[in-house]
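Okay, so here's the structure we're looking at.
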């Protein structure tokens with residue numbers, strides 16, 4: 019099966035929420051997810067038909083917990099680019115250039131100056147040219163800030179929900195900063211470094227890592243099972259079949 023997968027569409031209301039929660043549980047149980055899967059789950063959730071009741075918001079909170087847990091896993095492993103994509107680096111950015119009819123869709127992982135150098139007049143100060151001749155439009159924000167904004171819209175959210183989310187975002191950033199300060203050799207992983215250093219030093223490093231768990235995620239899942247009506251798969255859904263289907267290949 020290829021790396022691109024998407025939830026089946028066409029379910030509404032409680033059935034859609036069941037599908038989303040089952041898929042989140044599958045990803046959590048496997049110990050692995052990624053930005054595309056998490057983003058697709060958020061998109062599916064926001065396609066939810068009808069009023070946004072408590073089960074919608076609890077599902078959103080559960081998705082936020084899954085995304086935070088994954089960001090913590092990536093940070094603890096020193097995966098700087100992947101964390102940056104979740105937290106800071108917008109997935110879609112477009113540059114509009116004065117006098118150019120077609121906008122330029124930017125590569126999120128390539129330096130802006132490298133992508134526009136061929137458009138600027140020869141000998142021009144590239145930074146000044148960008149300031150005066152272009153306009154950058156962020157079409158889609160990174161996932162974690164989007165989820166925090168989603169949570170802030172929850173009318174009767176539990177106290178400190180957003181504060182807790184922000185604190186853990188800060189911890190993700192702090193973990194990466196501490197890993198940077200270790201000056202690990204090229205190709206060395208955080209796990210390898212922890213295994214090599216004295217125990218006391220390893221404990222100090224551990225104190226700066228995230229080490230998030232899925233406790234809140236699981237508690238929200240339990241609360242949702244109490245709220246949502248029992249789910250009976252449609253006759254079109256085969257028993258034991260994954261909720262994911264492969265996306266069409268380009």
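Residue numbers (the numbering used here): 19 to 268.
Idealized CB from N, CA, C, for every residue including glycine.
(1) Could you check if residue 116 is buried or exposed, using at least 16 other CB atoms within 10 Å of its CB as the buried criterion?
(2) Report buried or exposed for residue 228, applying the criterion of at least 16 other Cβ atoms within 10 angstroms of its Cβ.
(3) Under 7 Å: does the beta carbon of residue 169 sit that close to some heavy atom of the ligand ATP?
(4) The beta strand (DSSP E) spanning residue 70 covers which residue range?
(5) Out of 141, 53, 95, which one is the CA nearest neighbour of residue 196?
(6) Between which two residues does the beta strand (DSSP E) harbouring residue 110 extend?
(7) If I follow the unbroken beta strand (DSSP E) through residue 185, where does it start and stop?
(8) Under 8 Å by Cβ, that's how I've got residue 87 and residue 235 pegged, so tell me the actual separation to the nearest angstrom.
(9) What are the boundary residues of the beta strand (DSSP E) that includes residue 157?
(10) How many Å lie between residue 54 and residue 164 at the Cα?
(11) Bridge partners of residue 80, per DSSP?
(12) Near residue 158, what residues of its chain come up, given a Cβ to Cβ distance below 7 Å and the 5 sequence neighbours on each side ignored?
(13) Note down, in chain order, each residue of its chain lying with its Cβ closer than 6 Å to the Cβ of residue 145, except the 5 sequence neighbours on either side.
(14) Mapping the DSSP letters down to three states, classify residue 123 as helix, strand or coil.
(15) For my contact list, residue 38 and residue 63 are in at a C-beta cut-off of 8 Å; report their separation, rounded to the angstrom.
(16) Could you give the first and the last residue of the continuous alpha helix (DSSP H) run that contains residue 140?
(17) If you reduce the DSSP assignment to three classes, tell me which class residue 51 lands in.
(18) Which residue wins for smallest C-alpha separation from residue 7, given the options 78, 191, 240, 241?
(19) Cα separation between residue 126 and residue 248?
(20) Between residue 78 and residue 161, is the Cβ-Cβ spacing less than 8 Å?
(21) Comparing alpha-carbon positions, which option in 216, 172, 179, 188 lies nearest residue 70?
(22) Please go through the same chain and pick out, in chain order, the residues whose beta-carbon is closer than 6 Å to the beta-carbon of residue 33, but skip the five residues on each side of it.
(23) With H, G and I counted as helix, E and B as strand and the rest as coil, what does DSSP make of residue 107?
(24) Within its chain, find whatever has a CB closer than 8 Å to the CB of residue 83; leave out the 5 residues flanking it on each side and keep chain order.
(25) In chain order, what residues of the same chain have a beta carbon less than 6 Å from the beta carbon of residue 257, not counting five sequence neighbours either side?
(26) Find out if the Cβ-Cβ distance for the pair residue 130, residue 112 is shorter than 8 Å.
Judging by the given coordinates:
(1) To locate residue 116, count along the chain shown from 1; it is residue 98. Residue 116 is exposed by the Cβ-count criterion.
(2) Locating residue 228 in the chain shown gives position 210, where the first residue counts as 1. It counts as buried.
(3) The ligand ATP is not among the ligands present in this structure, which contains no ligands whatsoever.
(4) Within the chain shown, the letter at position 52 stands for residue 70. No beta strand (DSSP E) holds residue 70; DSSP gives it neither H nor E.
(5) Taking the first residue of the chain shown as position 1, residue 196 is located at position 178. Of the listed residues, the one whose Cα sits closest to residue 196 is 95.
(6) Residue 110 sits at position 92 when you count from the first residue of the chain shown. That run of the beta strand (DSSP E) goes 110-115.
(7) Within the chain shown, the letter at position 167 stands for residue 185. It is not in any beta strand (DSSP E) - residue 185 instead sits in the alpha helix (DSSP H) that spans 179-199.
(8) For the purposes of this step, residue 87 is taken as residue 69 along the chain shown, with counting starting at 1. For the purposes of this step, residue 235 is taken as residue 217 along the chain shown, with counting starting at 1. 7 Å between Cβ atoms; contact.
(9) Within the chain shown, numbered from 1, the residue matching residue 157 stands at position 139. Residues 152-158.
(10) Counting from one through the chain shown, the residue named residue 54 turns up at place 36. Counting from one through the chain shown, the residue named residue 164 turns up at place 146. Distance from the CA atom of residue 54 to the CA atom of residue 164, rounded to whole angstroms, is 14 Å.
(11) Working through the chain shown from its first residue, we reach residue 80 at position 62. Its beta-bridge partners do not exist; DSSP assigns none.
(12) Taking the first residue of the chain shown as position 1, residue 158 is located at position 140. Contacts found: 108, 109, 110.
(13) Translated into positions along the chain shown, residue 145 becomes position 127. Nothing listed; no residue qualifies.
(14) Position 105 of the chain shown, counting from 1, holds the residue named residue 123. In this structure, residue 123 counts as strand in the three-state DSSP scheme.
(15) Walking along the chain shown from the start, residue 38 turns up at place 20. Walking along the chain shown from the start, residue 63 turns up at place 45. Between the beta-carbon of residue 38 and that of residue 63 there is about 6 Å, and that keeps the pair under the 8 Å contact cut.
(16) The count along the chain shown starts at 1 and reaches residue 140 at position 122. Taken as a continuous stretch (DSSP letters only), residue 140 belongs to no alpha helix (DSSP H), as it is neither H nor E.
(17) Taking the chain shown and counting its residues from 1, the one referred to as residue 51 is at position 33. Residue 51 falls in the coil class under three-state DSSP.
(18) Since the first and last residues shown for the chain are 19 and 268, residue 7 lies out of range.
(19) As a first step, residue 126 must be located in the chain shown, where it is residue number 108. As a first step, residue 248 must be located in the chain shown, where it is residue number 230. Distance between the alpha carbons of residue 126 and residue 248 is about 42 Å.
(20) As a working note, residue 78 is residue 60 in the chain shown. As a working note, residue 161 is residue 143 in the chain shown. No, the pair does not count as a contact, with Cβ atoms beyond the cut-off.
(21) The sequence position of residue 70 within the chain shown is 52, counting from 1. Closest option to residue 70, Cα to Cα, is 172.
(22) Here residue 33 corresponds to residue number 15 of the chain shown, with the count starting at 1. Counting only Cβ-Cβ distances below 6 Å, and skipping sequence neighbours, we find nothing.
(23) For the purposes of this step, residue 107 is taken as residue 89 along the chain shown, with counting starting at 1. Three-state DSSP puts residue 107 in coil, outside helix and strand.
(24) For this step, residue 83 is matched to residue 65 along the chain shown. Contacts found: 232, 234, 235, 238.
(25) Translated into positions along the chain shown, residue 257 becomes position 239. Any reading at residue 257 must be qualified, since the residue scores a pLDDT of 41, below 50, and its modelled position is unreliable; the value itself is stated next. The beta carbon of residue 257 lies closer than 6 Å to none in the same chain, with the five residues before and after it left out.
(26) Taking the first residue of the chain shown as position 1, residue 130 is located at position 112. Taking the first residue of the chain shown as position 1, residue 112 is located at position 94. The answer is no: Cβ separation not under 8 Å.
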